[in-house]
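Let me begin by presenting the structure, written as C-alpha cells, before commenting on it.
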Amino acid sequence: MSDNSKGDSILNSQISQSQVESMLFRCFAEELNDIVWEGSNTIAVTFVNSKVYDIWGYKPEELIGKNFLDFMVPSKREEQKKVIDSMVENKAAVNGIHLYYQHRNGKTLIFETRAKPILDNNGKCVGHRGIFRDVTNYILQEKRLQKLYKQEKAAFTELENQMQQRLEFTRALAHELKTPLTVIQAANELMGTQILSPELTNISDSIARGVQSLQKRVNELLDLAKGEVGILTVNRKLIKTLPYITNLINDLKPMVKMRNRNLLTNIPNSLPNICADEQRLTQIISNLVDNSIKYSTEKAAITISVRQDTNLDNILFQVTDTGFGIPPDKQIEIFNPYARIRKAEEHTTGLGIGLSLSRTLVELHGGQIWFETSEGIGSSFYFTMPKYARKRMITAVKKGQPDENCHN
Numbered sequence: 035m036s037d038n039s040k041g042d043s044i045l046n047s048q049i050s051q052s053q054v055e056s057m058l059f060r061c062f063a064e065e066l067n068d069i070v071w072e073g074s075n076t077i078a079v080t081f082v083n084s085k086v087y088d089i090w091g092y093k094p095e096e097l098i099g100k101n102f103l104d105f106m107v108p109s110k111r112e113e114q115k116k117v118i119d120s121m122v123e124n125k126a127a128v129n130g131i132h133l134y135y136q137h138r139n140g141k142t143l144i145f146e147t148r149a150k151p152i153l154d155n156n157g158k159c160v161g162h163r164g165i166f167r168d169v170t171n172y173i174l175q176e177k178r179l180q181k182l183y184k185q186e187k188a189a190f191t192e193l194e195n196q197m198q199q200r201l202e203f204t205r206a207l208a209h210e211l212k213t214p215l216t217v218i219q220a221a222n223e224l225m226g227t228q229i230l231s232p233e234l235t236n237i238s239d240s241i242a243r244g245v246q247s248l249q250k251r252v253n254e255l256l257d258l259a260k261g262e263v264g265i266l267t268v269n270r271k272l273i274k275t276l277p278y279i280t281n282l283i284n285d286l287k288p289m290v291k292m293r294n295r296n297l298l299t300n301i302p303n304s305l306p307n308i309c310a311d312e313q314r315l316t317q318i319i320s321n322l323v324d325n326s327i328k329y330s331t332e333k334a335a336i337t338i339s340v341r342q343d344t345n346l347d348n349i350l351f352q353v354t355d356t357g358f359g360i361p362p363d364k365q366i367e368i369f370n371p372y373a374r375i376r377k378a379e380e381h382t383t384g385l386g387i388g389l390s391l392s393r394t395l396v397e398l399h400g401g402q403i404w405f406e407t408s409e410g411i412g413s414s415f416y417f418t419m420p421k422y423a424r425k426r427m428i429t430a431v432k433k434g435q436p437d438e439n440c441h442n
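Below, the structure written as C-alpha cells:
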C-alpha cells in the first residue's frame, strides 16, 4: 500500500459518521429561512446559520459558545429551563413548543422550536440540533383575536340580556295596559246594552274605537319585541288567495272611507293559492294601508294590487298611494323601529313600528319587502309571499317548520 493510500485510510477513519452528518446539516442550514442551530449536550451553541442575524439581531459568531438560556425572557426562563433539562436528560426530541427569547433590541420573540439529540455510536448524547421558527406575529395576532372574541362574546351576551330585559319589560307593560283596557271595553259593552241617547251612543262608539286602537298598538309593540329576540312565529296554512284578498278589501273599505281616502284595487280574476299565516298576512297589508293613509292627504288614492311575481314561485302584493312620498334622507331607515317621516308627523298617530313589524313578518314567511317612492308624488310598497306548492311544503315540514296544515 502506498503512503498516499495509507494517509487516505487514516483520514477516513478519523471522520466519524456524526461529523459527516454535521457538515451536511450545516450546508443545508444556510439555505433555510429559519434559524438552524447545533448545540452541545448542555445547549451551548456550536453552530447557528446566518439567518439568525435577520431574525434575532445577533451575528452567528456572537452566539457561539453561549447558552440559549442566557437569551431567554427572564420571566419565562425558569419555566422553559425545565423543558430543556428534560430534553437533555431524557435524550428526547421536542416538536412545536414555544420558547420566549429577547431580540437584541429588547423586543420579545416567540420561537416555535423543533429539536432532537445527536447520539454517538454508543448512544451517548453529544449534542443537539434544531430549528427556531419565528411565530411572534402569529401568536400575538392569535392572542389579539382571542381577546377580541372574548370582548365580542361578552358584548353579545350583554346585548342578549338587554334584549331579554326589554322583552320582559314590554310584556309587563302590555299586561299593565291590557288590564284596564279590558275593564274599559267590558264597561263600554255593558253601557251599550242600555238605551242610550244619540250623544251617548257616539261617545260609546268613540270609546270602542279608542280601546281597539290601543289594543292594536300594544299588540304591535309586543310583536316587535318578540321579533327582535327571535321568538315571533308564524303559523302558515293554505290560503285561497282570491277570496281572501276580496274579503280583506271589503273589510278595509269602511276604515279607508272613514278617513276620507279612496281605496282602489287591481286584482285579476284568478290567483294561485299561497301558504301563509292569515292573521299575520292581514296584519302586513293593514299596516301598509294604514301607513298610506297616514302619509297622504284627504281624497288621496290608495291602490291594493296582487299578481303573479316574475319569480313564478311567489305572489306579489303591492300597496300604492298618492301621498307625500319618502324624503331621500329617510329612505334608508324607513323599516327601522319608530322611524317617522318628519314632514307628515302632524298628520300621524302611532308608534312608528308598523313597517318594521311588517318586514319581520314578511321575512318570517320567506318573502321579501321593498318600496319605490317619489317625494311629493307617492310611494309603492311591495312584498312577496311564497306560492303554495305541495313539494315545497313537504320539504319545509322535514325541516321542522309548522307547515303541515297546508292542504290542497
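Per my numbering: the sequence shown = residues 35 to 442.
C-beta atoms are modelled at their ideal positions from N, C-alpha and C, and glycine is treated no differently.
Computed from a predicted model, the values in this text were never measured in an experiment.
Boundaries around residue 397 are those of the alpha helix (DSSP H), 388 to 398, since no beta strand (DSSP E) includes it. Nearest C-alpha to residue 251 among 208, 179 and 233: 208.
With respect to residue 110, residue 134 sits close: the two C-beta atoms are nearer than 9 Å. Annotation for residue 280: the continuous alpha helix (DSSP H) segment containing it runs 275 to 292. Collapsing the DSSP output to three states places residue 297 in a strand.
In this model, residue 233 and residue 214 are separated by some 24 Å (Cα to Cα). By the beta-carbon neighbour count (other beta carbons within 10 angstroms, threshold 16), residue 328 is buried. Nearest in C-alpha terms to residue 108, of all of 143, 120, 121 and 91, is 143. Residue 335 sits away from residue 294, with the two beta carbons spaced by 9 Å or more. For residue 146, same chain residues with a beta-carbon under 7 Å away, outside a window of 5 residues either side, are 130, 132, 167 and 169 in chain order. Non-local C-beta neighbours of residue 127 in its own chain, meaning closer than 6 Å and more than five positions away in sequence, comprise 150, ordered along the chain. Excluding sequence positions up to five before and after residue 270, its CB lies within less than 6 Å of the CB of 309, 310, 311 and 437, all in the same chain and listed in chain order. Between residue 69 and residue 80, the gap from beta carbon to beta carbon reaches 9 Å or more. Counting along the chain, residue 416 sits inside the beta strand (DSSP E) bounded by residues 412 to 420. For residue 324, the uninterrupted alpha helix (DSSP H) run begins and ends at 312 to 328, by DSSP. Per DSSP, the unbroken beta strand (DSSP E) holding residue 142 starts and ends at 142 to 153. Residue 85 and residue 67 have their C-alpha atoms spaced approximately 6 Å apart. Its chain contains 200, 201 and 204 as the residues whose beta carbon lies nearer than 7 Å to that of residue 259, once the 5 sequence neighbours on both sides are disregarded; these appear in chain order. The Cβ atoms of residue 390 and residue 355 lie no closer than 9 Å to each other. Under the DSSP definition of a beta bridge, residue 271 partners with 310.
In this structure, the straight-line span from the alpha carbon of residue 304 to that of residue 276 is close to 6 Å.
Under DSSP, residue 339 takes part in a beta bridge, and its partners are 300 and 352.
Inclusion of residue 125 and residue 153 in the CB contact set at 9 Å is warranted, their separation being smaller than that value. Looking from the CA of residue 338, the closest CA among 300, 254 and 115 belongs to 300. In this structure residue 239 is exposed. Its beta-carbon is surrounded by fewer than 16 other beta-carbon atoms within 10 angstroms.
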